[in-house]
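S.K.: Take a look at the following structure, please.
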Amino acid sequence: MTPAPAPRGPLPPDDTPLAVEPVRLHWLDGVPSTTTGARWGVSWPRGRVAADTEFALTDPRGRGVPVQSWPLAYWPDGSLKWSGHCVGADAGRADGLHLAPGAPTAPERPVTVRHDGGDIVVSNGLVDVRVAGGGLTPLRSLGRDGRITAVDGRLTLLLQEGPDEGDAATLRRTAWTGVATEVDIEQSGPVRAVVKLSGHYAQDGDGDGGDGHGGDGHGGDAPKGDGRALFPWTLRIFLSAGAESIRLVHHFVWDGDPERDFVKGLGLRLTVPLTDEPHDRHVRFAGRDGGVWGEPVRVLTGLWRDPGEEVTAAQVAGTATPPVAEWDEPVRDGHLDLATWNEFRLAQDSATHFSIAKRTRPGVSWLRHAGHGDRAPGLGYVGGVGGGLGFGLRDFWQQYPRALDITGAATDRATVTLWSWSPEGHAMDMRPYDEGGHSAPLAYEDSRDGWGDPRGISRSTDMELWAFPTTPPRARIAELAGALTARPQVVAAPGTYLAAGVFGRWGLPDRSTPARRALEDSVDATVAFYAHQVEQHAWYGFWDHGDVMHTYDSDRHTWRYDVGGYAWDNAELGTDAMLCYAFLRTGDPRTFRLASAMTRHLSETDTYLTGRFAGLGCRHNVLHWGDGAKEARVSESATRRFLHYLTADELIGDLMRASLQADATLQRTMRGRIRIGPDWYALVSNWLTEWERTGDTRWRDRITTGMRDIATFPAGLFTGEAGSHVGWDHTTGHLTDLGVGDFDGGYNLTMAFCGEQIMFETIELVDEPEFRRTLLDFARYAQAPAEERIERYGRDFDPGLFPTIYSKVTAWAGEQLDDPALRQRAWTHYLDDPRGRPWDPPVRVDGDAVLHPVDEIRAPSPPDSNNSVATNDAAQRVLALVALLALAPEEAP
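Using the working numbering, read the sequence shown as starting at 1 and increasing by one per residue.
So, in structure tokens, the structure goes:
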């Protein structure tokens with residue numbers, strides 16, 4: 001195990017870790033037919049596993065599986081809270097694995113990392129990767145068994161100075177290249193190596209960048225142009241033991257000018273050396289459900305004269321043809337006069353359509369009917385019987401417009417471009433959707449001039465490159481496409497996470513009575529409803545994939561996609577947490593995919609990494625970034641931790657760390673004032689996460705500083721309210737009672753964004769008795785009858801709470817005080833709240849009322865919601881049920 005960056009130190013002598021049972025692991029979607037490696041996290045109970053513990057992985061027959069392990073998080077006593085693990089390609093493909101402390105099995109051929117001049121060379125004994133220490137070519141080369149498969153891997157960007165409006169031919173386009181300025185070896189084997197590069201894009205030179213197809217667009221050895229450094233990026237390159245591929249995760253920050261910078265293309269470009277004759281070169285594109293499109297660069301099949309059965313069979317299969325001298329006449333003598341297909345393109349222009357086109361050279365017509373379908377997995381290949389390059393983009397159709405491009409296939413150097421934003425699509429338009437905002441009461445937009453700004457948001461692309469020794473069989477292409485589409489994931493059983501005591505207060509499903517079974521079924525139905533809505537309303541696209549909508553319009557029979565504040569949800573009241581807890585409780589693969597996509601979306605599209613809103617997120621709106629409310633609760637680490645710890649995802653770790661910038665940003669934008677809830681709670685989740693990940697106690701101290709300050713406030717957590725604030729000093733973490741809004745209502749937002757779970761978890765890790773009493777007071781009296789509040793505070797007041805949201809807070813007070821009446825009160829608030837009631841099943845709407853049939857829910861909602869389904873209600877209903885069953889199980893129906 002690699003030691004922590006700032007370890008808390010060993011356990012005290014009198015607190016020796018106890019023995020732990022092996023953790024049983026399994027593959028989320030069942031044992032996969034193939035993998036390119038896998039990575040996951042495991043939780044451990046407090047005080048049970050020392051920080052420097054090594055781990056061994058075994059299959060069901062007790063055979064060792066090579067595993068690499070590292071710490072992800074620590075308990076306050078220094079023991080291990082979360083550990084990260086990985087296995088190599090096709091390793092551990094068994095129905096059940098066991099992880100336990102012990103000496104790990106070493107891989108037969110370990111991954112190694114060495115420096116060679118200014119480059120870094122990573123090898124697993126099969127594949128060699130040369131990574132540049134800087135400059136315009138981050139990926140120098142990819143090879144296999146000493147043969148070079150690809151060279152000159154560069155990040156490419158096409159900018160268009162204007163939208164796709166009017167005469168597109170007059171729009172100036174410029175080509176940009178990613179310049180690597182930093183490199184870091186994050187892991188160096190033996191099972192996996194990770195190299196991280198960082199940089200920005202610089203313009204290649206003045207002039208038209210063309211359409212992005214054909215030519216390398218690099219413009220020389222050094223970037224020229226307007227001198228700007230745009231779109232900061234990181235690129236992680238992964239190589240696993242036994243793999244014939246490398247994984248790459250590219251992440252960039254959009255920081256251009258919305259009125260000027262329209263991305264026309266964004267991708268990774270590589271050169272593939274080719275030596276086989278054109279008739280022995282092949283192109284492959286994977287289709288849906290195991291389908292494969294495949295053709296040679298020079299087609300010999302289907303001619304009026306058959307070249308020979310062995311020749312045609314080889315061309316179809318992608319194997320070597322017999323020597324030309326053995327072919328039938330006249331094919332043997334005339335085949336050089338046949339067309340050679342030089343360029344191929346698979347373009348996904350929507351979530352439901354892709355096309356394949358090819359042409360012989362630049363400047364002539366494309367044949368656009370080569371192939372088509374609905375959803376391409378995003379995997380391709382170019383090469384010959386002597387080897388070639390496989391390449392793939394994950395979430396290919398989900399994050400359209402995307403494309404795979406091959407040029408120069410008939411030459412000795414083909415160029416492959418993996419477009420995460422395809423030039424075949426419209427130019428990326430980041431302008432606002434209207435000139436001004438649309439505020440309440442008719443709309444729900446928080447309108448502030450200039451605050452609907454996309455600068456600082458980000459997006460990532462997950463790619464795979466294979467070094468093949470020969471053209472792979474079609475069945476292998478289909479198999480790898482499946483692994484690309486749904487990356488095989490190792491997980492533990494729900495009970496493992498629960499027993500470790502992580503992620504606050506939750507429990508396993510309880511179907512012990514008919515009433516409880518109905519409540520549990522409503523949770524499953526809610527998740528299923530949103531999964532279906534994503535599909536039915538095509539909530540996909542480069543910036544949109546992962547999000548759902550906020551409020552439904554039952555009159556138009558569609559979600560309010562065009563009404564300010566009611567459109568994209570941006571996890572308004574914990575939709576992401578709802579999905580994460582639903583997965584933790586059930587282990588359901590579909591729920592995991594929904595939660596993962598939403599977490600990535602929120603961490604990237606909805607959160608600012610740079611600029612004046614760095615560290616904050618943006619509230620729900622027609623455009624994800626369009627609202628004037630920039631909030632710490634949108635970017636809080638509390639809900640990012642699920643995916644990071646369950647999958648050991650490095651990028652999510654980066655994005656959580658970036659949320660620490662919220663301290664200084666709130667100080668500036670809020671002028672030294674914040675709300676305890678949700679602002680301070682969100683900051684606590686950021687500090688708690690950084691403390692447990694690094695052991696750096698200054699983050700714990702910021703938590704305790706605020707806790708001690710709040711404990712001195714006469715009104716405790718009833719200090720301030722949703723529209724008022726307390727004083728805030730980001731340099732010290734101190735909070736100041738400004739005497740504004742105490743007891744005067746409007747506390748519904750205080751705990752609405754997972755604040756209660758943040759506090760439930762934090763107070764068990766930070767020993768501040770006075771704050772615990774303050775929190776308990778809030779929880780005890782927030783939903784108490786008037787006479788109880790008068791007895792406690794000498795006055796009555798209306799906190800203005802949503803019953804469902806605060807039922808879990810009341811239940812926690814009942815648990816802490818061992819008060820059955822309080823726990824029953826919590827359930828009563830939940831069950832009597834119209835927002836907390838399970839929805840009726842969806843009904844089908846069809847005919848001329850809609851463009852196509854839709855399934856909608858007509859919920860018995862409160863009058864102020866226009867009888868429309870709201871994702872807020874769904875999220876809080878599920879979150880409340882999860883907490884109530886854990887905190888007040890005996891009082892459950």
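C-beta atoms are modelled at their ideal positions from N, C-alpha and C, and glycine is treated no differently.
Rounded to whole angstroms, what's the CA-CA distance from L688 to M463? Just pull it up for me.
M.R.: C-alpha separation (whole angstroms): 32 Å.
S.K.: Can you tell me where the alpha helix (DSSP H) holding I710 begins and where it ends?
M.R.: Here the alpha helix (DSSP H) through I710 covers T697 to T712.
S.K.: When you compare the CB positions of D553 and V622, do they come within less than 8 Å of one another, or not?
M.R.: Not in contact: D553 and V622 (Cβ atoms no closer than 8 Å).
S.K.: Do T35 and R114 have their beta-carbon atoms positioned less than 8 Å apart in this structure?
M.R.: Taking 8 Å as the Cβ cut-off, R114 and T35 do not qualify as a contacting pair.
S.K.: Along the alpha helix (DSSP H) that carries W176, what are the first and last residues, could you check?
M.R.: From DSSP, W176 is part of no alpha helix (DSSP H) but of the beta strand (DSSP E) over R173 to S188.
S.K.: Taking the DSSP output, what are the residues bridged to D913?
M.R.: Past the edges of the chain, shown from 1 to 893, lies residue 913, and the structure says nothing about it.
S.K.: If you follow the alpha helix (DSSP H) that Y201 is in, where does it begin and where does it stop?
M.R.: Premise fails: Y201 lies in the beta strand (DSSP E), R192 to Q203, not in any alpha helix (DSSP H).
S.K.: Could you tell me the boundaries of the alpha helix (DSSP H) in which L683 lies?
M.R.: First-last of the alpha helix (DSSP H) with L683: Y681 to T694.
S.K.: Would DSSP call F802 helix, strand or coil?
M.R.: DSSP places F802 in coil when its eight states are reduced to three.
S.K.: How would you write the range of the alpha helix (DSSP H) that L952 sits in, first residue to last?
M.R.: A query on residue 952 cannot be resolved here, the shown segment of the chain reaching from 1 to 893 and no further.
S.K.: Between the Cα of T170 and those of W176, G178, E161 and T177, spot the shortest distance and give me the residue it belongs to.
M.R.: Measuring from the Cα of T170, the nearest candidate turns out to be E161.
S.K.: Where does I790 fall in DSSP's three states?
M.R.: Helix at I790.
S.K.: Counting pairs of beta carbons, one from the segment 72-86 and one from the segment 112-129, are three or more of them closer than 8 Å?
M.R.: The segment 72-86, when compared against the segment 112-129, does not touch it at the 8 Å Cβ threshold.
S.K.: Look at the Cβ atom of A500, then the Cβ atom of S69, and state whether they are nearer than 8 Å.
M.R.: Not a contact, by the Cβ cut-off of 8 Å.
S.K.: Just the Cα atoms here: how many angstroms apart are V502 and T669?
M.R.: When rounded, the distance between both Cα atoms is 33 Å.
S.K.: How is Y400 classed by DSSP in three states: helix, strand or coil?
M.R.: Y400: coil per DSSP, three-state reduction.
S.K.: Tell me the DSSP secondary structure of T156 in three-state form.
M.R.: Strand, per DSSP.
S.K.: Which word fits E856, buried or exposed, when buried means at least 16 other C-beta atoms lie within 10 angstroms of its C-beta?
M.R.: E856 is buried by the Cβ-count criterion.
S.K.: Going by the CB atoms, is the gap between W421 and F344 shorter than 8 Å?
M.R.: No; because the gap between Cβ atoms is not below 8 Å, this pair is not in contact.
S.K.: Could you give the DSSP three-state label for F797: helix, strand or coil?
M.R.: Note: F797 maps to coil in three-state DSSP.
S.K.: Which two residues bound the contiguous alpha helix (DSSP H) that contains S596?
M.R.: Per DSSP, S596 belongs to the alpha helix (DSSP H) from P589 to E604.
S.K.: Could you tell me whether the segment 463-475 touches the segment 595-603, using the rule of 3 or more Cβ pairs below 8 Å?
M.R.: With the cut-off at 8 Å, the segment 463-475 and the segment 595-603 do not touch.
S.K.: Does the beta-carbon of L346 have 16 or more other beta-carbons within 10 angstroms, so that it is buried, or is it exposed?
M.R.: Looking at its Cβ environment, which holds 16 or more other Cβ atoms inside 10 Å, L346 is buried.
S.K.: Among the residues of its own chain, which have a CB less than 6 Å from the CB of C86, if the five just before and after it don't count?
M.R.: The answer, listed in chain order, is R39, Q68, V191 and R192.
S.K.: Could you have a look at T513 and say whether DSSP puts it in helix, strand or coil?
M.R.: Three-state result, T513: coil.
S.K.: Identify the residues that DSSP records as bridge partners of S141: which are they?
M.R.: Paired residues: R130 and V151.
S.K.: Helix, strand or coil: which one does DSSP assign to Q348?
M.R.: Correct three-state label for Q348: strand.
S.K.: Would you check if there are 3 or more beta carbon pairs closer than 8 Å linking the segment 760-771 to the segment 793-800?
M.R.: Result no; under three Cβ-Cβ pairs closer than 8 Å.
S.K.: Let me know if I790 comes out buried or exposed under the rule of 16 or more other beta-carbons within 10 Å of its beta-carbon.
M.R.: Under this definition I790 is an exposed residue.
S.K.: In the DSSP assignment, find the alpha helix (DSSP H) that holds R298 and state where it starts and stops.
M.R.: Counting along the chain, R298 falls outside any alpha helix (DSSP H), and DSSP gives it neither H nor E.
S.K.: When the Cα of T639 is compared with those of S350, N686 and T697, which residue comes out closest?
M.R.: Per the Cα distances, N686.
S.K.: Any idea if D184 is buried or exposed, counting beta-carbon neighbours within 10 angstroms, 16 or more meaning buried?
M.R.: With fewer than 16 Cβ atoms within 10 Å of its Cβ, D184 is classed as exposed.
S.K.: Could you have a look at W75 and say whether DSSP puts it in helix, strand or coil?
M.R.: In the structure shown, W75 sits in coil (DSSP, three-state: anything other than H, G, I, E or B).
S.K.: Of the residues L480, V249, V20 and L28, which one's Cα is nearest the Cα of R48?
M.R.: Nearest of L480, V249, V20 and L28 to R48, Cα basis: V20.
S.K.: Determine the direct distance from the alpha carbon of H250 to that of F391, and round the result to whole angstroms.
M.R.: So the alpha carbons of these two residues sit roughly 14 Å apart.
S.K.: Alpha carbon to alpha carbon, how far is G739 from L25?
M.R.: Roughly 53 Å between the two C-alpha positions.
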